[in-house]
Structure formats: structure tokens, C-alpha cells
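Novice: First the structure, which I've put down as C-alpha cells, then a few questions once you've had a look.
Residue numbers (UniProt numbering): 1 to 741.
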């Protein structure tokens, strides 16, 4: 079969079932046909050769690849596929020109790769720093009344059942043994694993957030520290805790990536565990994977039915569309002979929007022989390339491919979510600062500053109290209600009808006359009837003062509660309330005595003009009509000064006088209450308290400023959370500025 010559095309070569005669392997450049690609091996010397992929060229030790989608009709084909010579021996001029082109392309590719890695390192490193800050400042997500930043951050949660190979997958990604091993539940706290790629040749090391000054180069110590730190929080029991452990690994063998290793899902509680452990673990795992920012890495063993996978079952519940889930199939090498997992890996058994990745972990024998992860990775690569079932998927299988896939996906998710995260941060910073303004700053230790704080808080309370009285807040209108409704209603209920009945008037007049009956008008009887009748106003007057006192006390209570600055000082609240109520008691006594004095003044000295202007000797039956008055003038009728008509006339005169006084008291009693109680409350409610404060020793101020422990705790939480959000904002800003340069 002759070689294709200048007209060679990939479409022709890809249809060949075997190597064409013109491409027979030679000593220098052996050729293989594998699936849809031609591979020219680099020979025993394993010299670096060229790889051509989608128009891009870069070095790859030992092999030269042609991808079907890369070239089609390729002008490069004739040079490479000449029948009579090897690429290493012929076409020297063309080799030189392509080598020159390759160097330029390599330089550009390396520059682009450096930029991409810097971008990925910046974004993923940004999330790493924010996550570490979250843990250090107590933000682990979950419930609570404080805003949480943790739940806004994109994360990759590793989910799998016990013995699914979850730990082996993580160690394969890292390329180092570092996780505790054992039976039962080994992972009992979330492990936030942050991988940082370092320069080639640099020493790999690890560090824990709870041990910031310690650098671990022996990963056996890392394994032990994970176990010890878990026991510090959960004890030696097999309990679990949602508080994460943060582990950072710096190595040239890793990609920039952050993973959260969660406790393995289980179906049965083992000895030493509560019966609720199964549900507790599921709840903890669900609290992570429920979040829309969480990428789910679902680990399932290939030697079990995928339909029974705990990880896939949970992922399907929280991510039914599969857009957040990456499926990982482990233990492919342990499947029964004659079976394979192609239906799963190619998405036919359970379809996800992201690719499935197969992993071959180290066997227990390899672990016992301490086979290193580099050798294990090479063995895994050879397994997929040599497998008749998975060879066509080899480029998309293995722990190295999985790590790169996750790193690129995480970077893209972070980039997409940065604007929303920034918006959440800015909004929450404003809310926390507003709450801290309300709570107030921590109390100063200087006595002078403490005294100033106390006086300032008193003034703040006084402002709120005055706002209630003056109409800025509700409550002051209740005092007017006392004057306008309660006082008139009380006057109307006074028993003047009974008091001024004929029988009672006759009795009072007779008692006032004594042994000498009155000759004309019973003046002493009048005075006694008026004086005694006016005493009925004492009750409503006192009740009015008391009602105003009750309103003022209630306004003091409300004002203390509504003074935001006072809320965190219960001792000072009590002191202010006590002092204010004592002042109100004094104001009430003053108001009561003034109101009663007004009543007594009316009773002590009646208004004479009222009686001078009234006829005293008209018969009671006729005095109420003009006709009666006219008849009396035309034909005088003798008056019976001891008859019922005369006494009814007296009762009528006294009743009208009392009504007149009552109308006057309706005006003056409110004036007395306002003058003695409301006015003084506005002017000097806390004056006595200020005098007492001035007499206190400097050390006593601190006692008044004792805070509510719950409020102190709340302030501390808000300060920590505000510090977290501000540091996160600064981190995001620094990455944004770096990327713009």
C-alpha cells in the first residue's frame, strides 16, 4: 500500500483498521493505531517529541498524538507520513520550520497557562482565605439569627457511604497519604481540605488553621493531628460534630482546589454510637449539599449497584437536575470479570449534566506495602489505557483528570458567583453596622467616661419621655383623655340628687339653725349645704391626679424600653426607673394637694354675687315660671319658710351653685395636674437622680453600667461577623484589583 503523499488526510487514516504499509513501525519511530488516533511512540530513549492538538503544539515526553478533530486535510501530514523515511531522519527543513513555530506556540501556551493558573489560584485562594476566616470567627453555616457567609461560598462537598473509597479518592487527588483510616466512622468532623499548587521542586507541607505556627512535612503527623483534633471536640467516643477542621496542603503535585470531606453515610449505628447517628450524619451532610452553592462530588463503588448508592440517592434528592453533581465511580478494578461500568461512566445508567469519572484506588495490599501515590497514579493510568473496556475513555478517567476537572469547574463557579457574593457582603455589612450602632460600643473603663455615658443615657431616656408627652410618640394623649372624659364623667356620677333632696335639705338646715330657727333665709344652712356638697369634688380631683400619675409611670416604663441605648444596661434601667417613679410620687403629692386646695378654696369662700342676683323668697312651686312670678307680684302670697316649697327652693339654689363651681373645677383641676405633675416631669424628672449620681464613688459607676450578658454576647458575635464580612470584602477587592492590572 503506497503512502498517501501530499494528499493524505486524517479522514482517510482514521478509517484504517491497521497500520498502513507506509507507516510500519521503524526502529526510530514506532507507530500505533488506537481508537480514533495515530500514536507515534518516541522509542526507547523516551525523548520529548511533539503533540499536535486542535492546532496547538506543545511537548509531551515520548509520544506524538494526532486528534481527528485537529487537522482534517493537513499540510503537515506529508512531512510526518512519508513512506520511505522516519520523521527523525527526513524533512529536515520542514522540521526546522515547525520547530521554530512550535517554540513560539509553546511560549504563548506557557504564558496563557501561567495566567490561567494565576487566575485560578487567585479565585480559589480567595475562597480558601474566606473559608478559613469563617471558621476562625465561628461561622460554620447552619441555623442561627446571625447572617452566615459560609453558605454563600461555592464549595465542593465529598459525599459517599462508608467503604465507598472516599478517603482513597481524596488521597489520590492530593498524591499523599494523610487521612486517618480504620473501621466504622473515621471522619467525624467535616474536613475542609485546601490544596495549593507550588513551584516544581518545592517541598510539600501541610498546616492546620488551629495550629497556624506549625508546618507539617511528615504527613503521618498530619493523619494523627486530624484524629487528635477530632477527639478534642468529640471526645474518644464516636460522636460527630459540625465544626470543621481546616487543613491546607502545599505541594507541586496538586492543583488549586478546595474540598470538604464529610462523614460517610451509614445505615447502622455501631457500638458506642447513639441510635440517632445515622440520621445525624445524614442531616450534617444534607446541611452542606442542600445549599445551591455546593458542588456535590458523589462517590460510589463500581462493584455495587448504582441504584443502591447512598451518595447518588442523596444527590438526586437535593439536585434532581444533576447540574451540581459530579459522579465518581471507584473500585472499577474490583468488578466481576466480564462486567464493566460503561453504562454509568457514559451516562446511560444515571445521567448527570457533568461527566462521570472512574477512579482506580490503591488496593489494601498496596497500602500495606506502602506503595506511594505517584506509582499508584501511574498504575491507574496504565489500567485505563490498557483496558479493553475503558481505553477510549482513558483521557477522561483517573484522579489526576478528576482534580483538574474539579479545579476548573470550581474556578468558573467562583467567577460566576463573585458579584452575588459581593452584594450579600455589602448588604450584610450595612445590617451589622446598624445593629452595632443600636447595641452600642463596649463600656469604657475610665470613671469619667463612665459618668459621661450614664448622663448621656439619661438624656436619651429623657428625650424619649418628652416625645411621648409632646406628641412625638403615643401616650401623651392619654393625659388629655383623663381631663376630657374621665373627670367630667366622674362629676356626673356624684350623688347630688340624693344630697339635695327635700328631706336632706330640711335636715341640714334644721341642724344648722340649732335652737334658734332662721328668721328669713337660712344662711347657715346654705353655707353648710354648699360646703358639704363641694366636698364631693375631692374624690374626682384626687382620682384625676392619680390617673395622670399612672399615665406618667407607664410612659416612664415605655420610654426606658424604647431608649435603644439603655437596653444593654439592665442595672441602669432599674436605677432610672426607680428614680423617675420616686420623682413622680413627689409630683403626685404636690398635684393632689393643689387639686384639693382648689376644692377647699371654693368651699371656704362661696361666691356671694351668685346669691345676690337670685330671688330668695319666691314660692318654690312658682319660682320656676314667669307666670308664677307675675302672680306673686300682683297678689303677694304669704311664704311658709318651713314648708317643702321653701326647702325645694333652697335645694335648687345650692344645686345651681354647685354646678357652677363644678364647671370651674373642670378647668382648674387639669391645670393643677399639668402644673404640678406633667410640667415638673418634663423639667426635673431625673434631677434627684443626678444629685445621687454626683455623690457616688467613681467605682460605683461600673456597677450601673453592668450589661445584660446576652447583649454582651450579641455584640461580640456581631463584631466577629462584621470583621469576617469586611475581611472578605477586602479579599475580593484585592483579587479584583490584581486581575485588572
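Ideal placement from N, C-alpha and C gives every residue a C-beta, glycine not left out.
Just tell me which of 236, 248, 262 has its CA closest to the CA of residue 204.
Specialist: For the residues 236, 248, 262, the minimum Cα distance to residue 204 belongs to 248.
Novice: By the DSSP assignment, the beta strand (DSSP E) with residue 261 in it spans what residues?
Specialist: It spans 257-261 - the beta strand (DSSP E) in which residue 261 sits, taken as one unbroken run.
Novice: In whole angstroms, what separates the C-alpha of residue 241 from that of residue 178?
Specialist: Spanning the two alpha carbons is a distance of roughly 20 Å.
Novice: Can you list the alpha helix (DSSP H) stretches of 4 or more residues lying completely in the segment 470-504, in chain order?
Specialist: If we require 4 residues or more, the alpha helix (DSSP H) runs fully inside the segment 470-504 come out as 477-481, 487-492, 496-499.
Novice: Could you check where the alpha helix (DSSP H) with residue 232 kicks off and where it finishes?
Specialist: Counting along the chain, the alpha helix (DSSP H) containing residue 232 begins and ends at 219-234.
Novice: If we cut at 9 Å on Cβ distances, does residue 366 have a partner in chain C?
Specialist: Note that chain C does not occur in the displayed structure, where there is just one protein chain.
Novice: Could you give the uninterrupted runs of the alpha helix (DSSP H) lying entirely in the segment 539-603, keeping only those of 4 residues or more?
Specialist: None, since the segment 539-603 contains no complete alpha helix (DSSP H) of that length.
Novice: Check residue 732 in the structure and name its three-state DSSP category.
Specialist: Three-state DSSP puts residue 732 in a helix.
Novice: Report the rounded CA-to-CA distance for residue 596 versus residue 147, giving the unit in angstroms.
Specialist: Approximately 60 Å, taken between the alpha carbons.
Novice: I need the boundaries of the beta strand (DSSP E) containing residue 309, first residue and last residue.
Specialist: Note, residue 309: premise wrong, no beta strand (DSSP E); not H, not E.
Novice: Just to confirm my understanding: we take residue 758, look at its own chain, exclude 5 residues before and 5 after, and list those with CB closer than 8 Å. What are they?
Specialist: Missing from the structure shown is residue 758; the chain here goes from 1 to 741 and no further.
Novice: Taking the beta carbon of residue 480 as the centre, do at least 16 other beta carbons fall within 10 Å, making it buried, or is it exposed?
Specialist: Flag for residue 480 reads exposed.
Novice: Which residues in the same chain as residue 728 place their Cβ atom closer than 7 Å to its Cβ, once the five residues preceding and following it in sequence are excluded?
Specialist: The residues are 130, 133, 149, 425.
Novice: Between residue 276 and the ligand MN, is the CB less than 8 Å from at least one heavy atom?
Specialist: Absence of the ligand MN from the depicted structure is noted, as is the absence of any ligand whatsoever, leaving it without description.
Novice: Please report the residue range of the beta strand (DSSP E) in which residue 240 lies.
Specialist: Counting along the chain, residue 240 falls outside any beta strand (DSSP E), and DSSP gives it neither H nor E.
Novice: By DSSP, does residue 401 sit in helix, in strand, or in coil?
Specialist: Helix at residue 401.
Novice: Evaluate the contact criterion for the segment 391-403 versus the segment 344-358: three or more CB pairs, one atom per stretch, below 8 Å.
Specialist: Output reads yes: the segment 344-358 touches the segment 391-403.
Novice: Between residue 233 and residue 136, how many whole angstroms is the CB-CB distance? I'm expecting something under 8 Å.
Specialist: About 15 Å; that fails the 8 Å criterion.
Novice: What's the gap between the Cα of residue 373 and the Cα of residue 386?
Specialist: Going from the Cα of residue 373 to the Cα of residue 386 covers about 20 Å.
Novice: According to DSSP, simplified to helix, strand and coil, what is residue 211?
Specialist: In the structure shown, residue 211 sits in a strand (DSSP, three-state: E or B).
Novice: On a CA-only basis, which of 269, 667, 292 is nearest residue 320? Give me that one, please.
Specialist: Selected option, being the one with the closest Cα: 292.
Novice: Ignore the nearest five residues each way along the sequence and tell me which others in residue 194's own chain have a CB closer than 6 Å to its CB.
Specialist: Contacts found: 128, 248, 258.
Novice: Specify the secondary structure class of residue 605 as computed by DSSP and reduced to three states.
Specialist: It is coil, neither helix nor strand.
Novice: Ignoring anything shorter than 4 residues or poking outside the segment 268-296, list the alpha helix (DSSP H) runs there in chain order.
Specialist: Runs found: 277-289.
Novice: For the beta strand (DSSP E) that residue 193 lies in, which residues bound it at each end?
Specialist: First-last of the beta strand (DSSP E) with residue 193: 191-197.
Novice: Starting from the C-beta of residue 201, find all residues in its chain whose C-beta is less than 8 Å away, skip the five residues before and the five after it, and write them out in chain order.
Specialist: Excluding positions up to five away in sequence, the list reads 252.
Novice: Determine, using beta carbons only, whether residue 551 and residue 482 come nearer to each other than 9 Å.
Specialist: In contact: residue 551 and residue 482 (Cβ atoms closer than 9 Å).
Novice: If you pair each beta-carbon of the segment 540-547 with each one of the segment 659-678, do three or more pairs fall below 8 Å?
Specialist: Yes: the two stretches touch, three or more of their Cβ pairs being nearer than 8 Å.
Novice: Is the distance from the Cβ of residue 651 to the Cβ of residue 501 below 9 Å?
Specialist: Going by C-beta atoms, residue 651 is nearer than 9 Å to residue 501.
Novice: Tell me whether residue 196 is buried or exposed, calling it buried when 16 or more other Cβ atoms sit within 10 Å of its Cβ.
Specialist: Burial call: buried.
Novice: When DSSP labels each residue in this structure, what does residue 69 get in the three-state scheme?
Specialist: Here residue 69 scores only 36 on pLDDT, less than 50, and its place in the model should not be relied on; the value that follows carries that caveat. Here residue 69 sits in helix by DSSP.
Novice: Could you give the first and the last residue of the continuous beta strand (DSSP E) run that contains residue 326?
Specialist: Where residue 326 is concerned, the enclosing beta strand (DSSP E) stretches over 325-330.
Novice: At which residues does the beta strand (DSSP E) containing residue 691 begin and terminate?
Specialist: Premise fails: residue 691 lies in the alpha helix (DSSP H), 687-695, not in any beta strand (DSSP E).
Novice: Using CA atoms only, rank isn't needed, just tell me which of 584, 222, 662 is closest to residue 686.
Specialist: Minimum Cα distance to residue 686 is reached at 584.
Novice: Look up residue 410 in the DSSP assignment and say whether it is helix, strand or coil.
Specialist: Correct three-state label for residue 410: helix.
Novice: Could you please give the first and the last residue of the uninterrupted alpha helix (DSSP H) stretch that includes residue 532?
Specialist: Start and end: 523-534.
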